[in-house]
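**Q** Residues in the sequence shown are numbered from 1467 upward in steps of one, following my numbering. Cβ coordinates follow ideal geometry from the N, Cα and C atoms, glycine included.
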Amino acid sequence: MKVILYIGHHKVGSTALQAYLSQNWCKLAKAGILYPAVETRGFANNLKKALGAGDQRVAQHVNVREPHSALAYRMISDASDRSIPPQFQALPGTSQMFRAINNQADILQPDTLILCSEAFANFGQVDPDTITRLAKHLPKATKEIQIYCALRRPDDYMISWHGQRLKVGEKPAPLQGDGFKQYQETIHFNYRLAVEAWTERMPKAQLILRNYSDILASGGSTEDFVAQTDLAVPDKMITPGRANPSLPRAAFAIMRRANKELARPAAHALSVYLQKNGNDLSPVRNSDVEMFGAPQRQLMAEAFAPIHAYLNALTGQEAFFPDIDQMQACCPVPEEDATRQLLTALDPDAMPEPELQTYIRTLQKSF
């Protein structure tokens, strides 16, 4: 049996891939490809499919769509003081999840077993022993291991990750000024932390390290994953829609204030509205908004140089990110200007709640 470990990174299409694997669970299982559940909601969902409902393009509970994120966050919680994200509800213990995966592998005897979670990228920084623990609990029938990891150019990635944090209600410091330093010593900038421990703890595994730009060129996260791992998927698979919408850059400062000034439900409602409408309403194209400034971009480029050298050596490429020089190139519109233009374009009366109508009017006057 071949085991494929998708270890992230964050913001590279992992949610779309997880939706693809979970929505097509029945077809994949019949083809000898197992995307194993780890808890009762997942088991019930898969049983329903097997009993005749079949695969469907429907919204799924996060425990069903992302079972191995549930496993990863439980393992991280076991090894550190980090808590499990609240969306993962009523999880069993780690040993029970491992037992569930192994029982499914023993009974169904797949040719390929896939464990897929961007949260695995955290293991090297949190505690490399979590990788060893995972390796020890892979099914006994495992004969081959592939580790697939996707990475974005760090300036582009940090903007996307920062927006994700704002989108879900967190309160990070702004990226302007010296904002990148909040990520500098983490997997969100130092990609060596995300990758190296996996190569050390699973030295016999095949590492597939992919540049996100190449993934997009190949058709997307699912298409690239299938091609790079030589996965023989059946015909007529369900193709999920976009799984993880983003905040436009011009909305970052709005959500940073909203997360501090509004109650959580109101801030969430505003976030959802801006995810859905912000790009269409903003007069500034998203890729034209500058989030760092020239001095900080220079510092980022210098700090990333040895990390890039590591990736080059690991992959045998002259430049893992061929466009790495673009990391120092500023976009034409400063964030503050883009935010002001978006605020001007917002119609307070279009907000989904009266509280937000008042809030947007206040921001328009004070920003």
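Just the Cα atoms here: how many angstroms apart are LYS1468 and LEU1494?
**A** Walking along the sequence shown from the start, residue 1468 turns up at place 2. Walking along the sequence shown from the start, residue 1494 turns up at place 28. Roughly 14 Å separates the two Cα atoms.
**Q** For GLY1629, does the count of other Cβ atoms within 10 angstroms reach 16, so buried, or fall short, so exposed?
**A** For the purposes of this step, residue 1629 is identified with residue 163 of the sequence shown, where counting begins at 1. The residue in question, GLY1629, is buried, as its Cβ has 16 or more Cβ neighbours within 10 Å.
**Q** Could you tell me the distance, in whole angstroms, from the CA atom of GLN1807 to the CA atom of ILE1625?
**A** Position 341 of the sequence shown, counted from the start, is the residue given in the question as residue 1807. Position 159 of the sequence shown, counted from the start, is the residue given in the question as residue 1625. Between GLN1807 and ILE1625, the C-alpha separation is close to 19 Å.
**Q** Could you check what DSSP says for ASN1743 in three-state terms: helix, strand or coil?
**A** Sequence index remark: in the sequence shown, residue 1743 carries index 277 (1-based). Note: ASN1743 maps to helix in three-state DSSP.
**Q** If we ignore side chains and look at the alpha-carbon of each, how far apart do ARG1658 and GLN1823 end up?
**A** In the sequence shown, the residue the question calls residue 1658 occupies position 192. In the sequence shown, the residue the question calls residue 1823 occupies position 357. If I take the Cα positions, the gap works out to 45 Å.
**Q** Can you list, in chain order, the stretches of the alpha helix (DSSP H) that have 4 or more residues and sit fully within the segment 1736 to 1782?
**A** Correct list: 1760 to 1781.
**Q** Keeping to the same chain, check which residues put their C-beta closer than 6 Å to that of ASP1544; ignore five residues upstream and five downstream.
**A** Here residue 1544 is taken as the residue at index 78 of the sequence shown, counted from 1. Counting only Cβ-Cβ distances below 6 Å, and skipping sequence neighbours, we find THR1560.
**Q** If you compare alpha carbons, which of ARG1619, LEU1747, TYR1614 is closest to ILE1470?
**A** Within the sequence shown, numbered from 1, the residue matching residue 1470 stands at position 4. Checked all of ARG1619, LEU1747, TYR1614; the closest Cα to ILE1470 is TYR1614.
**Q** Could you have a look at THR1665 and say whether DSSP puts it in helix, strand or coil?
**A** Start at 1 with the first residue of the sequence shown, and residue 1665 comes out as number 199. Helix at THR1665.
**Q** Locate the alpha helix (DSSP H) running through ARG1631, then write down its first and last residues.
**A** Residue mapping note: residue 1631 aligns to position 165 of the sequence shown, counting from 1. Counting along the chain, the alpha helix (DSSP H) containing ARG1631 begins and ends at 1620 to 1633.
**Q** Could you spell out the range, first to last residue, of the alpha helix (DSSP H) harbouring VAL1692?
**A** As a first step, residue 1692 must be located in the sequence shown, where it is residue number 226. Looking at the DSSP string, the run of the alpha helix (DSSP H) that includes VAL1692 is 1687 to 1694.
**Q** Quick check: what's the CA-CA separation for GLY1643 versus SER1737?
**A** Position 177 of the sequence shown, counted from the first residue, corresponds to residue 1643. Position 271 of the sequence shown, counted from the first residue, corresponds to residue 1737. The straight-line gap from Cα to Cα measures roughly 24 Å.
**Q** On a CA-only basis, which of ALA1616, VAL1661, GLN1650 is nearest GLY1686? Give me that one, please.
**A** Numbered from 1 along the sequence shown, position 220 holds the residue referred to as residue 1686. It is ALA1616 whose Cα lies nearest to the Cα of GLY1686.
**Q** Kindly indicate which residue of ALA1663, GLN1522, CYS1582, MET1563 has the alpha-carbon position closest to the one of CYS1492.
**A** Start at 1 with the first residue of the sequence shown, and residue 1492 comes out as number 26. Selected option, being the one with the closest Cα: GLN1522.
**Q** Find out if the Cβ-Cβ distance for the pair ALA1717, SER1679 is shorter than 9 Å.
**A** Along the sequence shown, read from residue 1 onward, the residue named residue 1717 stands at position 251. Along the sequence shown, read from residue 1 onward, the residue named residue 1679 stands at position 213. No, Cβ-Cβ distance for ALA1717 and SER1679 is not below 9 Å.
**Q** Assign ASN1569 to one of two classes, buried (16 or more other C-beta atoms within 10 Å of its C-beta) or exposed (fewer than that).
**A** Taking the first residue of the sequence shown as 1, we reach residue 1569 at position 103. Flag for ASN1569 reads exposed.
**Q** Leaving out five residues before and five after LYS1609 in sequence, what residues of the same chain have Cβ atoms less than 8 Å from its Cβ?
**A** For the purposes of this step, residue 1609 is taken as residue 143 along the sequence shown, with counting starting at 1. Contacts found: MET1467, LYS1468.
**Q** For ILE1674, which of PRO1788, VAL1692, PHE1787, GLN1612 has the nearest alpha-carbon?
**A** The residue labelled residue 1674 in the question sits at position 208 within the sequence shown. Nearest C-alpha to ILE1674: GLN1612.
**Q** Give the straight-line distance between the Cα atoms of THR1578 and PRO1788, rounded to the nearest whole angstrom.
**A** Here residue 1578 corresponds to residue number 112 of the sequence shown, with the count starting at 1. Here residue 1788 corresponds to residue number 322 of the sequence shown, with the count starting at 1. Cα to Cα, the separation comes out at about 33 Å.
**Q** Smallest Cα separation from LEU1557: which of LEU1829, HIS1734, VAL1504?
**A** As a position in the sequence shown, residue 1557 is number 91, starting the count at 1. When each option's Cα is compared against that of LEU1557, the closest is VAL1504.
**Q** For a quick check, are the C-beta atoms of PHE1589 and ILE1550 less than 9 Å apart?
**A** Translated into positions along the sequence shown, residue 1589 becomes position 123. Translated into positions along the sequence shown, residue 1550 becomes position 84. It is not a contact, given that the beta carbons lie outside the stated cut-off.
**Q** Can you tell me which of the three DSSP states PRO1461 falls into?
**A** Residue 1461 lies beyond the stretch modelled for the chain, which goes from 1467 to 1833, so this question has no answer here.
**Q** Exposed or buried, THR1596, counting other C-beta atoms within 10 Å across all chains shown (16 or more means buried)?
**A** Counting from one through the sequence shown, the residue named residue 1596 turns up at place 130. It counts as buried.
**Q** Grab me the residues of PHE1655's own chain with a C-beta within less than 6 Å of its C-beta, minus the 5 sequence neighbours each way, in chain order.
**A** Residue mapping note: residue 1655 aligns to position 189 of the sequence shown, counting from 1. Hits under 6 Å: PRO1620, TYR1649.
**Q** Can the beta-carbon of HIS1475 be found closer than 9 Å to that of ARG1618?
**A** Counted from its first residue, the sequence shown places residue 1475 at position 9. Counted from its first residue, the sequence shown places residue 1618 at position 152. A contact, by the Cβ cut-off of 9 Å.
**Q** Name the DSSP bridge partner or partners of PRO1800?
**A** Here residue 1800 refers to the residue found at position 334 when the sequence shown is read from its first residue. Its beta-bridge partners are GLU1756.
**Q** Quick one: Cα of GLY1645 to Cα of LEU1513, how far?
**A** In the sequence shown, counting from the first residue as 1, residue 1645 sits at position 179. In the sequence shown, counting from the first residue as 1, residue 1513 sits at position 47. GLY1645 and LEU1513: Cα-Cα distance of roughly 47 Å.
**Q** Using 8 Å as the cut-off, can you tell me whether the segment 1725 to 1744 makes contact with the segment 1813 to 1829, which would need three or more C-beta pairs spanning the two stretches below that distance?
**A** Contact between the segment 1725 to 1744 and the segment 1813 to 1829 is present, because at least three Cβ pairs lie under 8 Å.
**Q** Would ARG1507 pass as a contact of VAL1530 if the rule is Cβ separation under 9 Å?
**A** As a working mapping, residue 1507 is identified with position 41 in the sequence shown. As a working mapping, residue 1530 is identified with position 64 in the sequence shown. Result yes, Cβ atoms of ARG1507 and VAL1530 sit closer than 9 Å.
**Q** Rounded to whole angstroms, what's the CA-CA distance from PRO1814 to PHE1691? Just pull it up for me.
**A** As a first step, residue 1814 is located in the sequence shown; it is residue number 348 there, counting from the start. As a first step, residue 1691 is located in the sequence shown; it is residue number 225 there, counting from the start. Cα to Cα, the separation comes out at about 42 Å.
**Q** Given that a residue counts as buried once 16 or more other Cβ atoms are within 10 Å of its Cβ, and exposed if not, what is ALA1771?
**A** Taking the first residue of the sequence shown as position 1, residue 1771 is located at position 305. Exposed is the call here.
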